[in-house]
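Student: Attaching a single structure in structure tokens format; questions to follow.
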Amino acid sequence: GLFGIFQIKNFSRNYRELRLLGPYRILIGKNPKRFFSGSLMLIAIDNDGNIKEARLMQGVTVFAKFRTLKKLEGKNIAVLAADYQELKRMNKLTRQCLLNAYKTFVDFKT
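In terms of the UniProt record's numbering, the sequence shown has 65 at position 65, counting the first letter as 1, and numbering is strictly consecutive.
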């Protein structure tokens, strides 16, 4: 309902902010859940796949907000997606979002 509109506006604002950073591609990773905590990730990458900024929205309610993931900045998404130890350090929802975004990136490139 009404709160869903706020969540969509929050997504749109964050997406727009990342688009304005520069000539980067924005990847969207998702892990939607109906009754449990879901997550959505926005990743700004350059042409080489290096992460310029990443934001994650995670939570059960429509009050969840995006937060910046500084630990991903400067890393290459392909290297990160293949690094088992690095992925293991992330929580499950963040890991699934990152891998979903990477899959979209690979599908788009091929």
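Ideal placement from N, C-alpha and C gives every residue a C-beta, glycine not left out.
What do you reckon, are the CB atoms on Gly22 and Ile51 nearer than 8 Å?
Tutor: No. Outside cutoff.
Student: Given the structure, does Tyr102 come close to the ligand SAH, in the sense that its CB is under 7 Å from one of the ligand's heavy atoms?
Tutor: Of ligands this structure carries none, so the ligand SAH is not represented either.
Student: Which residues in the same chain have their Cβ closer than 7 Å to the Cβ of Ala101, if we skip the five residues on either side of it in sequence?
Tutor: Leu27, Ile28, Gly29, Met41, Ile43.
Student: Looking only at DSSP bridge pairs, what is Thr68 linked to?
Tutor: Paired residue(s): Arg55.
Student: Let me know if Arg55 comes out buried or exposed under the rule of 16 or more other beta-carbons within 10 Å of its beta-carbon.
Tutor: Under this definition Arg55 is a buried residue.
Student: Which residues does DSSP pair with Ala101 in a beta bridge?
Tutor: Its beta-bridge partners do not exist; DSSP assigns none.
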